[in-house]
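Novice:
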Amino acid sequence: MRLLPHPATEDIELTEVLRALSDPVRLEIVARLAARGELTCGTVGDELGVHKSTASHHFKALRDSGLVFTKQEGRLKYMSLRRADLEARFPGLLESILSAARPHAGSHG
C-alpha cells in the first residue's frame with residue numbers, strides 16, 4: 361500500500377477546503393464518501409459519469425485540499441474522508457457543509 365501525497369493536518373487550510381467543495385462534482389464525491397466510507401476512485405468516477413481525466417482532476421483537488429486520503433494498492437486507488445483531521449482543524453465544518461448540501465442533492469429546479 362502506498363499513500364499518495366497529502367497535506368499534514370496542521371497544513372490544511374480553510375480556503376483550500378472551501379475552494380475544493382465549491383465544485384458540485386467534488387461536493388458530491390465528498391457526500392458519497394461520507395455516506396459510504398472508503399471507495400475506489402474508479403467506482404466514484406463511474407458512478408458520477410465523468411471522464412477518467414476529469415475524475416482524476418477532482419480527486420487530486422480533494423487530496424491537495426486535505427479533504428481526502430488516497431492510497432494505492434496495486435492498480436486500485438482508494439479514497440476516504442479525513443474526518444478526524446478536518447474535525448480537529450475546523451470543528452463542525454464538514455458536518456455543516458454535508459447537512460447544507462443534502463436537501464439540494466438532485467433538485468435543480
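To convert, note that position 43 of the sequence shown is 403 in my numbering; the numbers rise steadily by one, no gaps.
Just so you know, even glycine gets a beta-carbon here, dropped at the ideal spot from N, CA and C.
Here the structure is a predicted model, which means the values were calculated and not measured.
1. Once DSSP output is grouped into helix, strand and coil, what is the label at Phe419?
2. Go ahead and pull the three-state DSSP assignment for Arg379.
3. Return the first residue and the last residue of the beta strand (DSSP E) that Glu433 is part of.
4. Express the C-alpha separation of Tyr438 and Thr430 in angstroms, rounding to a whole number.
5. Taking the alpha carbon of Thr414 as the point to measure from, which residue in Ile372, Met361 and Cys401 has its own alpha carbon closest?
6. Using a threshold of 9 Å, state whether the C-beta atoms of Gly434 and Glu376 are closer than that.
7. Are three or more beta carbon pairs between the segment 407 to 421 and the segment 446 to 464 nearer than 8 Å?
8. On the three-state DSSP scale, how would you describe Arg442?
Specialist: Here's the rundown:
1. Phe419: helix per DSSP, three-state reduction.
2. DSSP places Arg379 in helix when its eight states are reduced to three.
3. Note, Glu433: beta strand (DSSP E), Val428 to Glu433.
4. Going from the Cα of Thr430 to the Cα of Tyr438 covers about 5 Å.
5. Answer by Cα proximity: Cys401.
6. Their beta carbons are not under 9 Å apart, which means Gly434 does not touch Glu376 by this criterion.
7. For the pair of segments examined, the segment 407 to 421 was found not to touch the segment 446 to 464: the number of CB pairs separated by less than 8 Å stays below three.
8. When secondary structure is reduced to three states using DSSP, Arg442 falls in the coil class, being assigned neither helix nor strand.
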